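Chemist: Structure below; questions to follow.
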Amino acid sequence: MRKSDKKIENSLRVSLTHVCELALEHVEGFEWITHLVNYDKFPQSLKIVCVFNTNAELSDAIANKQDEYLIGLIEQEFAKVAIKVGDLTSKVSFDTEEKCSSQAEGKWDRRLKRH
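Here is the structure:
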């Protein structure tokens, strides 16, 4: 990993950690957040996955526009560290522990390859 990639990774990690902390306080059913990226194709390759506990909690969150809230939080945090990725709605996806358990035997490494 190049030095510039490490700086971007650190900025992504710090920003998304702050988003996670806020979301855990304010978004019912939210569990964790992660990202996938190929630095040779950054920012186009960036994918962010917000994970909820159950399918019902994710459905409720979307109905209550909490998905938009999370994307807004990510945008705010990225702006603080000058990460420019374009339209985040195409880079952020939502998943659940419940789906991972039923479709990937709880193995997130396998499941995340689908995102």
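Its first residue numbered 1, the sequence shown is counted upward by one per residue in UniProt numbering. For every residue, glycine included, the Cβ atom is placed at its ideal position computed from N, Cα and C. Here the structure is a predicted model, which is why all the values come from computation and not from measurement.
With distance defined between alpha-carbon atoms, name the residue in Lys6, Val19, Ala23, Lys65 nearest to Arg79.
Modeler: Taking the sequence shown and counting its residues from 1, one reaches residue 79 at position 79. According to the sequence as given, residue 79 is Ala; it is not Arg. Cα-wise, what sits closest to Ala79 is Val19.
Chemist: Three-state secondary structure (DSSP) at Leu46?
Modeler: As a position in the sequence shown, residue 46 is number 46, starting the count at 1. Coil at Leu46, not helix or strand.
Chemist: Hey, out of Ile83, Met1, Trp108, Thr89, whose CA is closest to Asn38's CA?
Modeler: Translated into positions along the sequence shown, residue 38 becomes position 38. Measuring from the Cα of Asn38, the nearest candidate turns out to be Met1.
Chemist: Quick one: what's Ser93 bridged to in DSSP?
Modeler: Indexing the sequence shown from 1 puts residue 93 at position 93. DSSP lists Val49 as partners of Ser93.
Chemist: If we count the other Cβ atoms within 10 Å of its Cβ and call it buried at 16 or more, is Ile48 buried or exposed?
Modeler: As a position in the sequence shown, residue 48 is number 48, starting the count at 1. Classification for Ile48: buried.
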